[in-house]
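Chains as they are written, first to last, in my numbering: chain A, 3 to 67; chain B, 3 to 67.
Glycine included, every Cβ here is placed at the ideal spot set by N, Cα and C.
Working notes, structure below.
2 protein chains.
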Amino acid sequence: MKNLIKVERARHDLTQADLAEKLGVSRQTIHAIENNKFNPSVTLAIKMARFFKVTVEYLFDIEEA
Amino acid sequence: MKNLIKVERARHDLTQADLAEKLGVSRQTIHAIENNKFNPSVTLAIKMARFFKVTVEYLFDIEEA
DNA sequence: ATATAATGTAAAGTATTATATACATTTGTA
DNA sequence: TACAAATGTATATAATACTTTACATTATAT
């Protein structure tokens, strides 16, 4: 696992569709990011992190430490 | 100004070309990001922030507070 | 003032992000 | 089991990040 989106989503009890709507993107985008199909823009990353009240580094970079 | 790349670059006494090389991207990419021509990927954003030893939020989101 | 380094700009091309739609598969629950 | 919701997958398309090359402008130093 390379990011904690699924975990944070579970913590907030949101479906992919829910989160997509909250962030103003498509469900496929959430799915793809969650499964490392691609690398979102820093803007979307910051939006997500802010939504979950965590840092970008925490949300997207937990592997490296 | 929407990001602090130019400032951090100055603090580290690096040219755009220097920074580009350190991060493995083109000088034009640095220039474009610095001047808000586009929105980098979260991966590049994290690389940059890590390079400067600051957070992504600090580097890219100082306007909002 | 002139040379040089640094930055700005532009255009064409490639790669990747993101959308929309549709359908298949998995998971949870009555 | 059967139904519904959630997630996974596929394909086509649009938008944009990023590269390369090349040249113009601005700043810095001699």
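Within 9 angstroms, strictly: CB atoms of residue i and residue j
i: F62/B; j: I48/A; result: yes
i: V56/A; j: V58/B; result: no
i: L16/A; j: L46/A; result: no
Beta carbon proximity, residue i to chain A, threshold 9 angstroms
i: I48/B; result: yes
i: A67/B; result: In this prediction, A67/B scores a pLDDT of 46, lower than 50, which makes its location untrustworthy; no coordinate-derived value is stated.
i: A34/B; result: no
i: A19/B; result: no
i: A51/B; result: yes
Chain B contact for residue i (CB, 9 angstroms cutoff)
i: N37/A; result: no
i: F62/A; result: yes
i: E59/A; result: yes
i: V44/A; result: yes
Neighbourhood of residue i by C-beta, 6 angstroms cutoff - its chain only, sequence neighbours within 5 removed
i: R11/B; result: L21
i: A67/B; result: Here A67/B scores only 46 on pLDDT, less than 50, and its place in the model should not be relied on; the value that follows carries that caveat. Cβ within range, chain order: n/a, list empty.
Nearest neighbour of residue i, chosen from the options [CA to CA]
i: F40/A; options: S43/B, T57/B and K39/B; result: S43/B
i: A34/A; options: V9/A, L25/A and Q18/A; result: Q18/A
Own chain, CB closer than 7 angstroms to residue i, minus 5 neighbours either side, in chain order
i: S28/A; result: A22
i: T31/B; result: A22
At 4 residues or longer, what runs of the alpha helix (DSSP H) sit wholly inside the stretch 9 to 36 of chain A?
18 to 25 and 29 to 36
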